[in-house]
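Quick note, the sequences are listed as chains X and W, same order.
Just so we're aligned, residue 111 is where the first sequence starts under my numbering, counting upward by one.
Just so we're aligned, residue 7 is where the second sequence starts under my numbering, counting upward by one.
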Amino acid sequence: MSGVRVLVGTRKGAFILTSDGARTRWEVSGPHFGGWEIYHVKGSPADPNRLYASQSSGWFGQQIQRSNDGGRTWTPVGNAFVYDGVPGTHQWYDGTPHPWEFKRVWHLEPSPADPDVVYAGVEDAALFVSKDGGQHWQEVAGLRGHGSGASWQPGAGGLCLHTIILDPGRPDRLFVAISAAGAFRTDDAGTTWKPINRGLRSQYIPVPDAEVGHCVHRIVMHRSRPGVLFMQKHWDVMRSDDAGESWREVSGNLPTDFGFAMGVHAHEPETVYVVPIKSDSEHYPPDGRLRVYRSRSGGNEWEPLTKGLPQRDCYVNVLRGAMSVDALDACGIYFGTTGGQVYASADSGDSWSPIAEHLPPVLSVEVQTLP
Amino acid sequence: MIRVVLPAHLRTLAQTSDEVTLDLCGTVTLGGVLDALELRHPVLRGAIRDRATQRRRPFVRFFACERDLSHDPPDTALPEAVATGAEPFYIVGAIAGG
Numbered sequence: 111m112s113g114v115r116v117l118v119g120t121r122k123g124a125f126i127l128t129s130d131g132a133r134t135r136w137e138v139s140g141p142h143f144g145g146w147e148i149y150h151v152k153g154s155p156a157d158p159n160r161l162y163a164s165q166s167s168g169w170f171g172q173q174i175q176r177s178n179d180g181g182r183t184w185t186p187v188g189n190a191f192v193y194d195g196v197p198g199t200h201q202w203y204d205g206t207p208h209p210w211e212f213k214r215v216w217h218l219e220p221s222p223a224d225p226d227v228v229y230a231g232v233e234d235a236a237l238f239v240s241k242d243g244g245q246h247w248q249e250v251a252g253l254r255g256h257g258s259g260a261s262w263q264p265g266a267g268g269l270c271l272h273t274i275i276l277d278p279g280r281p282d283r284l285f286v287a288i289s290a291a292g293a294f295r296t297d298d299a300g301t302t303w304k305p306i307n308r309g310l311r312s313q314y315i316p317v318p319d320a321e322v323g324h325c326v327h328r329i330v331m332h333r334s335r336p337g338v339l340f341m342q343k344h345w346d347v348m349r350s351d352d353a354g355e356s357w358r359e360v361s362g363n364l365p366t367d368f369g370f371a372m373g374v375h376a377h378e379p380e381t382v383y384v385v386p387i388k389s390d391s392e393h394y395p396p397d398g399r400l401r402v403y404r405s406r407s408g409g410n411e412w413e414p415l416t417k418g419l420p421q422r423d424c425y426v427n428v429l430r431g432a433m434s435v436d437a438l439d440a441c442g443i444y445f446g447t448t449g450g451q452v453y454a455s456a457d458s459g460d461s462w463s464p465i466a467e468h469l470p471p472v473l474s475v476e477v478q479t480l481p
Numbered sequence: 007m008i009r010v011v012l013p014a015h016l017r018t019l020a021q022t023s024d025e026v027t028l029d030l031c032g033t034v035t036l037g038g039v040l041d042a043l044e045l046r047h048p049v050l051r052g053a054i055r056d057r058a059t060q061r062r063r064p065f066v067r068f069f070a071c072e073r074d075l076s077h078d079p080p081d082t083a084l085p086e087a088v089a090t091g092a093e094p095f096y097i098v099g100a101i102a103g104g
C-alpha cells in the first residue's frame with residue numbers, strides 16, 4: 111500500500127509525519143535539528159529518500175542538510191552561498207541603497223530528473239544551484255543581473271526568493287517569485303530572465319502596475335498544464351494562462367484576497383486552494399474562523415471548507431510555504447499554522463483533522479507520495 | 007594544546023562533546039584558533055564567522071580568562087593561560103531571546 115510522508119519545517123526544528131495510504135494514523139518523528147529554524151524540507155522526485163533541509167539560525171547562520179534515507183539520518187553539506195561578482199545594492203525599506211547580504215535559504219527545489227541537482231532560493235533574493243547534492247552552490251546570476259535587481263525592495267519578511275517552480279515539460283524553463291519584487295521566468299536554464307508581472311496591480315508601490323515591485327506571496331502550477339499559474343499576491347488572487355505573460359484577478363467571492371499559502375489539486379488542474387487572511391496588518395483568519403477556500407473553476411467561484419477546522423477564536427496564520435498536496439486518490443491536502451497545528455484532508459478538502467497539534471510555529475509543509 | 011568550549015548547537019553540528027582540543031604552533035591568536043577549529047570541523051565554517059567577510063557573526067561572542075575578546079582583531083594573541091591550555095577559550099551564543 112502506498113504511503114505519505116509530510117515534511118514539516120518549523121521555527122524550532124523539522125518534523126516528519128508518516129502514514130500509510132489510508133492517512134488515518136500518523137507517526138511523528140522529530141524534532142530534527144531542534145532549536146534551529148527550518149525554513150524548508152523537500153524530497154527529490156527522482157529519489158524519494160533523498161531529502162534536503164534548510165537549517166538556519168540567527169546565531170549560527172545557514173546549514174544545508176541532506177538525507178539519503180528518507181530523513182532518518184542527515185549529513186550537513188555545503189553552506190557557502192556566495193553571490194556572483196560584486197553583489198551591489200538593492201533598495202532598503204525606505205528606498206535607500208542597501209548592500210546585498212546573504213541571510214538564509216527559504217526554498218529548496220530538487221530537480222525532477224537528478225537527485226543531485228537542487229535549486230535554492232535565498233534572502234537577500236537570489237537563485238543558487240548545486241549539481242553535486244548540495245556540496246557546492248553557484249549563483250544563477252542572470253536573475254539578479256537582468257537589470258531590475260537594484261530596484262528590488264524587501265517585504266516585511268525580508269527580500270526573499272521563496273518560490274521556485276521547474277517546468278516539467280521544458281527543462282530550461284524556471285519560474286521564481288520574490289517578495290517584494292515579483293515573478294520572473296527564464297526559458298534558457300537561467301541565463302536570461304524576464305519579469306512576468308503584467309496584470310498585477312499593487313497600491314503600495316508608486317506605480318501600481320510597475321514591471322517589478324509586487325509582493326508575490328506564492329505561485330503554484332499543476333504539472334499537467336505548466337502554462338497555467340495561480341498566484342497569491344499580497345492582496346489579490348491571480349491567474350495566468352500564458353506562463354506568466356499576463357495575469358488576471360480571480361479573487362471572486364473570497365472574504366478577503368490577502369493570504370500566503372496556496373495549493374492545486376493533484377488530479378484536477380482547475381481546483382485551487384487558498385487560506386484567506388484578514389489583512390496585511392492582521393495576520394489571522396477573518397472572524398477567528400480558519401477556513402480553506404476551494405475553487406473548482408480555476409478561480410472566481412470559491413467555497414469555504416470548514417469541517418474539522420476551528421470556527422471560533424482562531425487567530426493563527428498559514429505561511430506561504432505551508433500548504434501542499436499528495437497524489438493519492440482522493441487527493442490529500444495539508445497545511446500548517448503558526449500555532450503549531452498541521453491539518454490534513456484525505457478527501458480533497460471536504461473534511462479536515464489535525465495530524466500534529468503542538469509543534470512550534472510551522473514555516474513549511476511538503477508532501478511526498480510514496481510507492 | 008588549546009581548549010575550545012562550543013555552544014550546545016555547534017557541538018551538535020560538529021558532532022563533538024565537551025571541549026574541542028587543538029594543537030597550534032607559534033603565537034596563538036584569535037584568528038588562528040578559529041582557523042584551526044574550522045579546519046578540524048569544516049561544518050562550523052559560516053557558523054561562527056560570516057563565510058564571505060570572515061567577520062564574527064553578530065550573536066556570537068568570544069570570552070577567555072574573564073575577558074570579552076569579541077571585538078579584538080584576528081591577530082590578537084590570546085592570553086598565555088589559553089595558549090597553554092590552563093584556561094579554555096569560550097565561543098558563546100549571545101543571550102538574544104527566542
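Note that the Cβ used here is the ideal one computed from N, Cα and C, for glycine as well.
Remember, predicted model here, so these are calculated numbers, not experimental data.
Asked	Found
If the cut is a Cβ gap below 9 angstroms, which residues of chain W does X:Pro141 touch?	Result: empty, since nearest Cβ-Cβ is about 12 angstroms, beyond 9 angstroms.
Taking a contact to mean a Cβ-Cβ separation below 8 angstroms, would you say X:Thr273 touches X:His200 in this structure?	no
Which of the three DSSP states is assigned to W:Val39 in this structure?	helix
Output yes if chain A places a C-beta closer than 8 angstroms to the C-beta of X:Phe238; else output no.	This model lacks chain A altogether, as its protein chains are X and W.
Give me the residue from X:Leu339, X:Glu467, X:Arg133 with the minimum Cα distance to X:Gly408.	X:Leu339
Keeping to the same chain, check which residues put their C-beta closer than 7 angstroms to that of X:Gly459; ignore five residues upstream and five downstream.	Tyr383, Val402, Arg404, Leu415, Ile443
Measure the beta-carbon distance from X:Gln175 to X:Phe143 and round it to whole angstroms, keeping in mind my assumption that it falls under 8 angstroms.	7 angstroms
Can you tell me which residues form a DSSP beta bridge with X:Pro220?	X:Val228
Since X:Ser240 contacts X:Gly309 with CB under 8 angstroms, what's their CB separation in whole angstroms?	Not quite, the Cβ-Cβ distance comes to about 34 angstroms (not below 8 angstroms), so this is no contact.
Against chain X, which members of the region 52-67 of chain W pass a CB distance test of less than 7 angstroms?	Gly52, Ala53, Arg57, Ala58, Arg63, Phe65, Val66
So which of X:Asn427, X:Pro464, X:Tyr203, X:His246 has the shortest CA-CA distance to X:Pro395?	X:Asn427
Helix, strand or coil for X:Ala235 per DSSP?	coil
With 8 angstroms as the limit, tell me which residues of the region 25-51 of chain W have their beta carbon closer than that to any beta carbon of chain X; keep them in chain order.	Val49, Arg51
Taking a Cβ distance cut-off of 8 angstroms, strictly less, list which residues of the region 165-181 of chain X are near chain W, in chain order.	Ser167, Gly168, Trp169, Phe170, Gly171, Gln172, Gln173
Starting from the N-terminal side, write out each stretch of the beta strand (DSSP E) that is 3 residues or longer and does not extend beyond the region 249-304 of chain X.	270-276, 284-289, 292-296
Within the 8 angstroms Cβ cut-off, does W:Leu75 reach chain X?	no
Along the chain, where does the alpha helix (DSSP H) containing W:Glu86 start, and where does it finish?	86-89
Taking 8 angstroms as the CB-CB limit, is W:Leu16 close to chain X?	yes
How many angstroms separate the CA atom of X:Pro264 from the CA atom of X:Asp234?	8 angstroms
Taking Cβ positions only, does X:Pro264 come closer than 8 angstroms to chain W?	no
Around the Cβ of X:Ala230, are there at least 16 other Cβ atoms within 10 angstroms (buried) or fewer (exposed)?	buried
In whole angstroms, what is the alpha-carbon distance linking X:Val250 and W:Pro85?	45 angstroms
Is it true that the CB of X:Gly131 sits closer than 8 angstroms to the CB of X:Ser112?	yes
Quick check: the Cα distance between X:Asp179 and X:Asn159, rounded to an integer number of angstroms?	5 angstroms
Residues of chain W with a CB under 7 angstroms from the CB of X:Gly145: which are they?	His15
Three-state secondary structure (DSSP) at X:Glu147?	strand
Determine the extent of the beta strand (DSSP E) in which X:Leu339 is found, giving its start and end residues.	339-343
List, in order along the chain, the chain W residues whose C-beta lies closer than 9 angstroms to that of X:Ala190?	Arg51, Gly52, Arg57, Ala58
Got a sec: is the Cβ-Cβ distance from X:Pro209 to anything in chain W below 8 angstroms?	no
Helix, strand or coil: how does DSSP classify W:Val49 here?	helix
Is it right to say W:Ile101 is buried, meaning 16 or more other beta carbons lie within 10 angstroms of its own, or is it exposed?	exposed
X:Glu137: buried (16+ other C-beta within 10 angstroms of its C-beta) or exposed?	exposed
By the criterion of Cβ-Cβ separation under 8 angstroms, what are the contact partners of W:Leu19 in chain X?	Phe170, Gln173, Pro186
Have a look at X:Arg258 and X:Glu147 and give me their C-alpha separation to the nearest angstrom.	Correcting the residue type first, residue 258 of chain X is Ser in the shown sequence and not Arg. About 30 angstroms.
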